[in-house]
Every structure is written in structure tokens, then in C-alpha cells.
Amino acid sequence: MTEYDLIVLGAGPVGENVADYAVKGGLSAVLVEHELVGGECSYWACMPSKALLRPAEALRAARNVAGAAEAVTGTLDLAAVLKRRDSFTNNWSDDGQVDWVRGAGIGLVRGHARLTGVKHVTVTGPDGGETVLTARHAVAVATGSDALVPDIDGLRDARPWTSREATSAKEVPGRLAIIGGGVVATEMATAYAGFGSRVTLIARRGLLAGMEPFAGEAVAAALREQGATVLLNTQTTRVTRAASGQVTLETNDGRTIVADEVLVATGRTPRTRDIGLDTVGLEPGEWLSVDDTMRVPGYAWLYAVGDVNHRVLLTHQGKYQARAAGDLIAARAGGRAVDDGAWGRHVATADHEAVPQVIFTEPEVASVGLTARAARTAGYEVRVVDYEIGDVAGAGVRQDGYRGTARMVVDQQRKVVLGATLVGPDVGEMLHAATVAVVGQVPIARLWHAVPSYPTVSEVWLRLLEAYGRP
0 MTEYDLIVLG
10 AGPVGENVAD
20 YAVKGGLSAV
30 LVEHELVGGE
40 CSYWACMPSK
50 ALLRPAEALR
60 AARNVAGAAE
70 AVTGTLDLAA
80 VLKRRDSFTN
90 NWSDDGQVDW
100 VRGAGIGLVR
110 GHARLTGVKH
120 VTVTGPDGGE
130 TVLTARHAVA
140 VATGSDALVP
150 DIDGLRDARP
160 WTSREATSAK
170 EVPGRLAIIG
180 GGVVATEMAT
190 AYAGFGSRVT
200 LIARRGLLAG
210 MEPFAGEAVA
220 AALREQGATV
230 LLNTQTTRVT
240 RAASGQVTLE
250 TNDGRTIVAD
260 EVLVATGRTP
270 RTRDIGLDTV
280 GLEPGEWLSV
290 DDTMRVPGYA
300 WLYAVGDVNH
310 RVLLTHQGKY
320 QARAAGDLIA
330 ARAGGRAVDD
340 GAWGRHVATA
350 DHEAVPQVIF
360 TEPEVASVGL
370 TARAARTAGY
380 EVRVVDYEIG
390 DVAGAGVRQD
400 GYRGTARMVV
410 DQQRKVVLGA
420 TLVGPDVGEM
430 LHAATVAVVG
440 QVPIARLWHA
450 VPSYPTVSEV
460 WLRLLEAYGR
470 P
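Here the sequence shown is numbered in numbering that gives the first Met the number 0, starting from 0 and rising by one per residue.
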């Protein structure tokens, strides 16, 4: 087949979901992929990174409970850690993902895809041969993003690691320098410090700048407790790699850092440079702006979903967009009603002010919705309530000396929760309760009737309500 109702560029989790929901809606769809089916998340991001983080997290958890701590007599088996990581990537084989695609009734074409006109996609296969695909209804771009390598003197020539190399490493370097202060930088600093590497983290500002300030402060303190060097408000000015492989970094305050590897984790860039955007009047190498249905304005047939639209660079949020977009493409193609009002079936309203995220550092950081600063900037009249999670009975049961903080941001006009942030061990598992409250815009008065089980750490939600005050 060379003609489909929908052509999707990129077979990562976002592209898969667009195609799957379109097929469920009665359309034919094909994925075009030049690397591994399953994309960045499956092989170089979400899954392998969390597999690397979990063993040290489990070891720390055991050491923080008396009775269990006495049973811990060894250190991590790094070979076993890496072998377990490999199992999550299926040793970088996409056979299982390909089987899923076929089972879902979705077509698959291997090769590099480029738009070559309205609803036309030319695929250059591994053998150099070209296939021209035609879409009856829509083309969806779900090509994702690449690691951004900043213009630092010597950095590119020093052959730095990006998130791909950090999550697929076959050996653990004795010394690792990390440039960046965001999610990838802090998670990989946590992972490699847990492996025993001497980690130096160099951040231009503070850590986790988009979160509540106490989140980055807690992560920085924990990294230092693990033996990492954390340099804040510091710029890397030059990087060189010697013939021996040793890397030297120079900073704006005169420091010199020597490491075995350097990881650059300073942001992402759209994977749109060579997909033929110019053939339809769009700028190559740029993010693709979309409306809430993921359609590119001015192009009735073109959609951009996931990282590539720069709305929210998170896999779960990209998949959320994909479910709406795939369903919508099928509805429009079939002449069915379109539900594109706020919180409708065919839009990604949550992207604006209700995004959940978990950062798997030590301690974990979990947030949803708006921070206090973002809420005030958006014009809301807010009240901020904080509570120390360690004061909850269930926290003490879970871990000796539990340390953590919870924050609730309340819209004082509507009396609903605008955002919540939790910092502490295992807080990611408590986040969805806050996500439901934020998305559902549940009134504070009604939340008093959502009784947390005792003694669980989730009782922090009751303590936050008590701190806010009874209606």
C-alpha cells in the first residue's frame, strides 16, 4: 500500500498513539520510522533512565529503615544494574514493538520520511530506494526532539555524552561531569552518584528552575550528601578531551574540572530539520506551532504531536495529545461531530495549566499544575499552603527520619487547587490524587470529603486542607 488515510512521521509512543486511535476510529494508518519503533522513551529516555535509578533508590530505602538497614551488607552490583536496564530496552531491539504495531492493524515503513507536498511523504529506505506515500486525510508529525548541544568552546569536539549515551552506557565512568540543571541533568547525577561515580554538576542557575524553589534546593542538598559536587550559577566556558580520553572543563569563575566523561543536558531541539517542511511553506529546524487539536494553523491536513510542537516535552503528555489528535482525525475524516471546546474529547486542554510530572531524583519531585509564581504571573489570586511531609504519621512508618515538603496552591476566587508540588521519597505515587483535583477543579469544600487512609503518607492532603482551614 502507498495510500493511507493517515501518515505518521515517527513511531515513538506519541506516533503510535496517534495511529492507534485513528485506526480505532475506522481509518487506515502507517508509521514511518528510521530508527527503532518505540522511540526515544523506550530505548534512551524514560524506561532505561528509570531502570538505572531504581536499584540505588531501593538500596537507600532499605538503609533508611531500622531492621532492614542492618541486613544491607553490600553495595550495588553494577553489572546486574546494567543488565536489568538492558532488559527494559529489549537490548535495543524493537521486535516486540513491531509486533504490537502489526497487531494493532497499523502499517509500518522503515526509512527517513520527508514531506514532498500536500499530503505526500517520500520515504528513503535503508537501501536508498524511495517510496512515495499519499495521505487521504492527514499527516501527523511526531518526530520528537534531540538533545541540544550548546555553543561552548570545544564541546562538540570533546564528543560529549547526551541523554542517549548516559542511559545506554556499557560502563560506569569513575568521574562524570554534567552540564545542565534540569531533569536529565539531576536524574543522571542521582543515578551515577548512586553508582559511585565522582559527579560534578555544573548549572548556569539553580536546579529545576521551573519547579517550586524548594524542590531544586532539596535535590542539590541530597546530591551533595551523596558526594557529588554541585556548582550553581556557574557557566562552562571551555571543554577539551585529551588523547587519553580525559575531559577537562573550565568555568567562568576559574575552576577546572577533570572527568572521564562529560554529559551535556541543557535542553532539546526539534527534530524537524530534514523532514521537508520547506516543501509546504514551513521553516525547517523549528518547533511546529499547533492549536489545541494539534493541527498546524493554516494547514487543514497537517498535525504536530508530542515534543515537536513544544507545548510540553513529556512522554505522557505527548501521548495525551496523541489520543486526542488520533481520535479527532478519525472524526473529521468520518464527518462526525468534533468536540474541541475546553476539556473536550478532541483537545489537549491540560497542556496549559494541569501538567503532571515526576522527577526521579533523590528525593523525588512530583508536581502538577501551576507553581505559586506561575499562578501569580497568570493573574490568579492565590494562597500558598506548605506542610512538612515528615510530620505525617505514615511518613515515619515508611522511612526513619523522612524528610519532605508538600505545597498546595489555591485559587482564592474559585476555591480550587491550581497546583501542587511534593518533594520526598516515593512522592510520585501520590501525585495522581492532586492531578485529579486540579483537572477536575474540585472545590476545596468537597476535597474535605476525600478521606486519606491512615496511616499512609497520603494523609498529607488532609494536613494541607487543615492548614488552609475549614470552609
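Note that CB positions come from ideal geometry on N, CA and C, so glycine has one too.
Predicted, not measured: the structure shown is a model, and the values here were computed from it.
Cutoff 6 angstroms; reference residue i; Cβ partners in own chain excluding five residues on either side
i: Gly324; result: With the sequence shown as reference, residue 324 is identified as Ala, and Gly is not the correct amino acid for it. Once the five neighbours on either side are set aside, the close Cβ partners of Ala324 are Val17, Met293, Tyr302 and Val304.
i: Pro470; result: Ala444
i: Asn308; result: Leu287 and Val289
i: Thr88; result: Tyr42 and Pro47
i: Ile256; result: Ala176, Thr199 and Leu248
i: Arg331; result: none
i: Ala165; result: Met187 and Leu262
i: Val229; result: Leu200, Ala219, Leu222 and Arg223
i: Arg272; result: Pro283 and Gly284
i: Ala208; result: none
i: Glu129; result: Thr121 and Thr123
Contact belief for residue i with residue j at Cβ below 8 angstroms, rounded distance in angstroms
i: Met429; j: Ser457; result: 5 angstroms
i: Val31; j: Ala112; result: 4 angstroms
i: Ala432; j: Val408; result: No, Ala432 and Val408 are not in contact; Cβ-Cβ is about 15 angstroms, not under 8 angstroms.
i: Phe213; j: Thr370; result: Contact flag wrong, Cβ pair sits at about 11 angstroms.
i: Ile151; j: Thr239; result: That pair is no contact at about 11 angstroms.
i: Asp326; j: Gly24; result: 6 angstroms
i: Gly378; j: Gly418; result: Gly378 to Gly418, Cβ: 14 angstroms. No contact.
i: Gly275; j: Thr115; result: 6 angstroms
i: Val80; j: Leu58; result: In fact, because the Cβ distance is near 10 angstroms, the residues do not count as touching under 8 angstroms.
i: Glu363; j: Val357; result: 6 angstroms
i: Lys49; j: Phe359; result: 6 angstroms
i: Val346; j: Asp291; result: 4 angstroms
i: Val459; j: Val391; result: 5 angstroms
i: Ser162; j: Val183; result: 5 angstroms
In DSSP terms, what residue i is bridged to
i: Ile177; result: Leu200 and Leu262
i: Gln356; result: Ser366
i: Thr130; result: Val122
i: Pro470; result: DSSP lists no partner for Pro470.
i: Ala419; result: Val367 and Met407
i: Glu224; result: DSSP, once it has assigned bridges, lists no residue as partnering Glu224.
i: Arg382; result: Val409
i: Ala139; result: Val7 and Tyr302
i: His111; result: Thr123
Cβ-based neighbour list, residue i, same chain, cut-off 7 angstroms, excluding 5 preceding and 5 following
i: Glu39; result: Gly11 and Gly143
Nearest residue (CA-CA) to residue i, options the options
i: Ser196; options: Ala28, Leu77, Asp339 and Gly9; result: Leu77
i: Glu203; options: Ile388, Val171, Tyr191 and Asp252; result: Sequence inspection shows Arg at residue 203; the Glu mentioned does not correspond to that position. Comparing Cα positions, the closest option is Asp252.
i: Leu262; options: Ala103, Gly468, Arg113 and Gly179; result: Gly179
i: Arg306; options: Glu211, Gly14, Asp4 and Pro283; result: In the sequence on display, residue 306 carries Asp and not Arg. Minimum Cα distance to Asp306 is reached at Gly14.
i: Gly173; options: Ala190, Ala347 and Asp126; result: Ala190
i: Pro149; options: Gly116, Thr268, Lys169 and Gly215; result: Thr268
i: Leu107; options: Asp19, Thr370 and Gly127; result: Asp19
i: His136; options: His119, Leu81 and Leu446; result: His119
i: Ala365; options: Ala444, Ile177 and Met210; result: Met210
i: Glu387; options: Arg402, Arg53, Gly393 and Arg375; result: Arg402
i: Trp300; options: Thr133, Val64 and Thr123; result: Thr133
i: Ala141; options: Val416, Thr123, Ser162 and Gln320; result: Gln320
i: Glu361; options: Glu56, Tyr3 and Gly37; result: Glu56
i: Val384; options: Val441, Val416, Ile358 and Thr228; result: Val416
i: Val437; options: Lys414, Pro424 and Val422; result: Lys414
i: Leu312; options: Leu81, Arg270 and Pro125; result: Arg270
i: Leu464; options: His448, Thr455 and Pro454; result: His448
i: Asp156; options: Met187, Ala241 and Gly266; result: Ala241
i: Glu380; options: Gln411, Gly395, Ala394 and Asn90; result: Gln411
i: Gly423; options: Val441, Val171, Gly439 and Asp399; result: Asp399
i: Arg406; options: Pro454, Ala466, Asp425 and Thr455; result: Ala466
Reduced DSSP secondary structure (H/G/I, E/B, other) of residue i
i: Arg186; result: A quick correction: the sequence has Glu, not Arg, at residue 186. If DSSP states are grouped into helix, strand and coil, Glu186 belongs with the helices.
i: Gly215; result: helix
i: Pro54; result: helix
i: Glu249; result: strand
i: His33; result: coil
i: His345; result: coil
i: Leu446; result: helix
i: Ser144; result: strand
i: Thr233; result: coil
i: Tyr191; result: helix
i: Pro269; result: strand
i: Arg83; result: helix
i: Asp152; result: strand
i: Glu285; result: coil
i: Asp473; result: The question about residue 473 has no answer here: the residues shown for the chain are numbered 0 through 470.
i: Ala103; result: coil
i: Arg254; result: coil
Nonlocal neighbours in the same chain, by C-beta distance under 8 angstroms from residue i, ignoring five residues either side
i: Ala70; result: Ala61
i: Val29; result: Met0, Tyr3, Leu5, Ile6, Val7, Ala18, Ile105, Gly106, Leu107, Val108 and Leu132
i: Thr233; result: Ile201, Ala202, Arg203, Thr250, Asn251, Asp252 and Arg254
Contact with chain B by residue i, beta-carbon distance below 7 angstroms
i: Trp160; result: Annotation note: the requested chain B is absent from the structure, which comprises a single protein chain.
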